[in-house]
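S.K.:
Numbering (my numbering), first residue to last: 4 to 147.
1. With DSSP as the reference, identify every bridge partner of residue 40, one or two as the case may be.
2. So what does residue 112 bridge to, in DSSP terms?
3. Measure the Cβ-Cβ separation of residue 133 and residue 70 and say whether it is below 8 Å.
4. Less than 8 Å between the CB atoms is what I'm expecting for residue 39 and residue 52, so what's the real figure, rounded?
5. Kindly indicate the opening and closing residues of the alpha helix (DSSP H) around residue 127.
6. Inspect the beta-carbon positions of residue 99 and residue 115 and report whether they are closer than 8 Å.
7. Taking one C-beta from the segment 9-22 and one from the segment 118-125 each time, how about it: are there three or more such pairs within less than 8 Å?
8. Beta-carbon separation of residue 142 and residue 111 under 8 Å?
9. Please report the distance separating the alpha-carbon of residue 144 from that of residue 78.
Here's what the structure looks like:
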């Protein structure tokens with residue numbers, strides 16, 4: 004795969020509703036930093052196929068819901084969502100967020116609407132304002 008092909012696809016990508024900080028960043032370069040770019044113009048993954056498959060296997064076998072009750076610190080759950088379509092994946096995500104909210108003693112769940120998976124890249128101002136607001140109102144204080 005050539006770097007120019009990937010850059011062309013990135014230029015056409017729908018990044019969703021971006022804030023000013025995101026618009027001032029070069030998202031194409033941020034994504035390309037995840038790849039190795041070779042002198043012949045091709046790119047490759049930074050991880051070997053073997054290492055990538057080990058990561059996929061670990062994700063597949065990892066069950067975060069089994070760990071929810073072990074979390075004792077204040078936890079802010081920020082979940083991205085694009086539209087209100089009830090796909091199987093979205094229904095599962097909503098169930099996991101609900102379960103986490105019930106099992107983590109001090110938690111707050113917020114849906115970041117019209118947001119892609121990489122919300123800190125797409126809407127860094129939103130993420131920062133949510134964190135600052137929760138810091139200011141004492142959500143993360145030890146006595147919460």
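Ideal placement from N, C-alpha and C gives every residue a C-beta, glycine not left out.
Here the structure is a predicted model, which means the values were calculated and not measured.
M.R.: This is what the structure gives:
1. 46
2. 80
3. no
4. Not confirmed; about 13 Å, so no contact.
5. 127-139
6. no
7. yes
8. yes
9. 11 Å
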